[in-house]
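Here the protein sequences come in this chain order: Y and D. Heads up: the first sequence at position 209 corresponds to 211 in the numbering used here, and the numbers run straight through without jumps. Heads up: the second sequence at position 58 corresponds to 60 in the numbering used here, and the numbers run straight through without jumps. Ideal Cβ placement from N, Cα and C applies to all residues, glycine included. Note that the structure is predicted; figures quoted are calculated from it, not measured.
Protein chains: 2
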Amino acid sequence: MALIGKLVVCGVGLIGGSFALALRRRGAVGHIVGVGRKPASLERALELGVIDEIATDWATALDGADLVLLATPVGQLDAIMSAMAPHLGPNTVVTDAGSTKRDVIEAIYRRLDAQLPRAVPAHPIAGAEKSGVDAAFADLFVGRKVVVTPLPENDPAAVERVRAAWAACGATVVDMAPQEHDRVFAAVSHLPHLLAFGLVHDLAGRANAELLFSHAASGFRDFTRIAGSHPEMWRDICVANRQALLAELDQYLAELAYLRALLMAGDGARLEQLFDEAQRARNAWAAQFSPTSTAE
Amino acid sequence: MALIGKLVVCGVGLIGGSFALALRRRGAVGHIVGVGRKPASLERALELGVIDEIATDWATALDGADLVLLATPVGQLDAIMSAMAPHLGPNTVVTDAGSTKRDVIEAIYRRLDAQLPRAVPAHPIAGAEKSGVDAAFADLFVGRKVVVTPLPENDPAAVERVRAAWAACGATVVDMAPQEHDRVFAAVSHLPHLLAFGLVHDLAGRANAELLFSHAASGFRDFTRIAGSHPEMWRDICVANRQALLAELDQYLAELAYLRALLMAGDGARLEQLFDEAQRARNAWAAQFSPTSTAE
């Protein structure tokens, strides 16, 4: 018997679609219902066999549902939870794929107060600059981390259902406190995205942008890959986590002020020392933690 | 008959070694002599068949040489040119692989004033975070750009010899003015390297660095790949091109100040607009210019 009889995916894009594909391939899901803002992309998901059914109202979608994955930009979650709340039964577990957790948890307390035992916040760490259901694939989460930030009110069985679903996708599930989650990802994910968007935006606005881009090579390609990410998703992440992101940005600006002083002084010795420390740390990380070392 | 009878490579690392391997595979070179600071890496180059002979003095190395490639960090070029100058014959063309060109040209005028017709500055645009002769491979330059910045005093036949050698490596050879070269690469290469080194150095210095790195994913991997680059090489580039690099850094700091203001104000609309413009520009670049689109 399937782990999840009926799955509802709200926002059938890269993340939601890959979650559905992974569970289906594993035989861990029975029936998959898609919900979302864009009829065209739901039709596409149906056409691709990512979902079995499109629901246009929450009552139909949630009837007999075992698990709901909210995989939309986090800015939409408050309104979505508010709309679905009246139709949530006692056997339906709700989880999300938001890249920020404090704001999602605030929305849960506001909108799902009657379902707190079965509302389990989570965040799959699967970077991909492409978006939309056409970019979804069953292996997206294989070997990736999924961070679960359970609420004190959560029913252990509900948390276990969420953990088991992500484990079935091939992910490694870890627990974190929401505040720590948001600080950690502001540093290693949200800030780098902001910096990459900023560099491309800066260069694209130049009078000689075409000349500049025509000479950019593989270093530029990799440095700016995340600037190809979903603008609305990243708008919501930056706004939702701006407190932690501003703290990280300010620390980084202090680092750049130091680098600028070394350049002004032409201090080659200190520049080399800093580059050397960074190179060692980066190579040590790549050797130990790199999500796909083979792609290094 | 080989394009180059005798080739001398000074600094047999990733770039110098790959140049030698590419020309040899193409049958475009007869005999390859290696010169350098580190006997061990020259021995390794000999062992790998990258060079045919190790020379420990310039008189021997340059005797009957058709082409000399200086592929050391740019900070060493002034002293190297000074040492080799007395031994350079009238049939030997000298070129370099420096990532900056104004400083290299200044060194040429200082040290190779008697050889100006045959001293041809160039820069192969081949990004690779790995360094050393073990990382060298014959295909490194296939499909990559090589920028040549000829001097007014250059003999056209000498420039052609350099162009032909790089073309034989599979590269596309383009001409640029030195000042423009240094401004363009400050923007699309030197600044991104500085930013990546800075981010990794910033995070590596944190008390919770281990926790941070343990949650970094593929976006972080690609954004920081160039922080694995050769510290001495990048020290020299940053010092040599600090004027243009500081101008680029200051423009980027203005961009970050704008982003910071948008975050402070929680201005989601302007953040999304900026991210959207960056995403479009980056995707357009990837489609048109990406050095290896297949790796995107």
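Between which residues of its own chain and residue i is the CB-CB distance below 7 angstroms, once the five residues before and five after are set aside?
i	result
G19/Y	A47, V52, V135 and A138
T296/Y	Note on T296/Y: pLDDT 35, under 50, position unreliable in the model; the coordinate value appears next. Around T296/Y: no qualifying Cβ.
H195/Y	I228, S231 and W236
K132/D	L16
I239/D	V76, S101, T102 and H192
I need the boundaries of the beta strand (DSSP E) containing residue i, first residue and last residue.
i	result
H33/Y	V31 to V37
P126/Y	A124 to P126
I301/D	Nothing about residue 301/D can be reported from this structure: the residues present for chain D run from 3 to 298 only.
V95/Y	V95 to D98
L193/D	Segment L193 to A206 is the alpha helix (DSSP H) holding L193/D; no beta strand (DSSP E) there.
Along chain Y, which residues have their Cβ under 9 angstroms away from the Cβ of residue i?
i	result
S191/D	H217, A218, A219, G221 and F222
M266/D	R244 and L248
D209/D	Rather than Asp, the amino acid found at residue 209/D in this sequence is Ala. Simply none; closest approach about 12 angstroms.
Mind pulling the chain D residues with CB within less than 8 angstroms of residue i?
i	result
I228/Y	G221, D224 and F225
E155/Y	Neighbours of E155/Y on chain D: none; closest Cβ ~25 angstroms, over 8 angstroms.
I'd like the list of long-range same chain contacts for residue i, defined as Cβ closer than 8 angstroms, with 5 residues on each side in sequence excluded.
i	result
V186/D	M178
A346/Y	Here chain Y comprises residues numbered 3 to 298, so residue 346/Y is not present and cannot be evaluated.
A198/D	F225, T226, R227, I228 and A229
L265/D	L273
A211/Y	L205
R208/Y	L214
V176/Y	K147, V148, V149 and V150
Going by DSSP, what residue range makes up the alpha helix (DSSP H) through residue i?
i	result
H232/D	Where H232/D is concerned, there is no enclosing alpha helix (DSSP H), given that its DSSP letter is neither H nor E.
L64/D	W60 to L64
Residue i touches chain Y at which residues, Cβ-Cβ below 8 angstroms?
i	result
K147/D	H217 and A219
N285/D	G230
A288/D	R223 and G230
L251/D	L258, L261, R262 and L265
In this structure, how does DSSP classify residue i when only helix, strand and coil are distinguished?
i	result
G7/D	strand
C240/D	helix
L79/Y	helix
D115/Y	helix
A173/D	coil
V186/D	helix
V14/Y	coil
D278/Y	helix
A297/D	Note on A297/D: pLDDT 31, under 50, position unreliable in the model; no value is reported.
V150/Y	strand
L71/D	strand
A138/D	coil
A218/Y	coil
A160/D	helix
A179/D	coil
A121/Y	strand
E155/Y	coil
G19/D	helix
A211/D	helix
S101/D	coil
R28/Y	coil
G1/D	The structure shown does not extend to residue 1/D, since chain D is modelled only from 3 through 298, so no value can be given for it.
F225/D	helix
Run down chain Y in chain order and give the residues with a C-beta less than 7 angstroms from the C-beta of residue i.
i	result
E234/D	E274
A138/D	Those do not exist, as A138/D stays about 16 angstroms from chain Y at its closest Cβ, beyond 7 angstroms.
A167/D	The contacting residues do not exist; A167/D stays about 20 angstroms from chain Y at best.
A63/D	Going along chain Y, no residue has its Cβ under 7 angstroms from A63/D, so there is no contact; the nearest lies around 28 angstroms.
I want to verify the contact list: residues of chain D whose CB lies under 7 angstroms from the CB of residue i, in sequence order.
i	result
H203/Y	E257, L276, E279 and A280
G270/Y	R237 and V241
L213/Y	V186
F291/Y	F215, S216 and A218
In chain D, which residues lie with their C-beta within 9 angstroms of the C-beta of residue i?
i	result
A4/Y	Neighbours of A4/Y on chain D: none; closest Cβ ~29 angstroms, over 9 angstroms.
A67/Y	Near A67/Y there are no residues of chain D at all, since even the closest Cβ is about 30 angstroms away, more than 9 angstroms.
Could you pull out every residue in the same chain whose Cβ sits closer than 6 angstroms to the Cβ of residue i, ignoring the five residues on either side in sequence?
i	result
A280/D	none
G36/D	V11, V14, L44, A47, I53 and I56
A83/D	The question names Ala, but residue 83/D is Met in the sequence shown. Only A109, R113 and L114 meet the Cβ criterion.
Inset, instruction - Name, going along the chain, the residues of the stretch 169–201 of chain D whose beta-carbon falls closer than 9 angstroms to a beta-carbon of chain Y. - result: Listed by position along the chain: V176, M178, E182, H183, R185, V186, F187, A189, V190, S191, L193, P194, H195, L196, L197, A198, F199, G200 and L201.
Legend entry - Residues in the stretch 11–25 of chain D having any Cβ partner in chain Y nearer than 8 angstroms: So the list is empty, because no residue satisfies the distance condition.
Legend entry - Proximal residues, the stretch 70–84 of chain Y versus chain D, C-beta separation under 9 angstroms: Cβ proximity to chain D below 9 angstroms picks out G77 from the stretch 70–84 of chain Y.
Inset, instruction - May I ask you to list, following chain order, the residues of the stretch 99–113 of chain D that have a beta carbon less than 9 angstroms from some beta carbon of chain Y? - result: Residues of the stretch 99–113 of chain D with a Cβ closer than 9 angstroms to any Cβ of chain Y: none.
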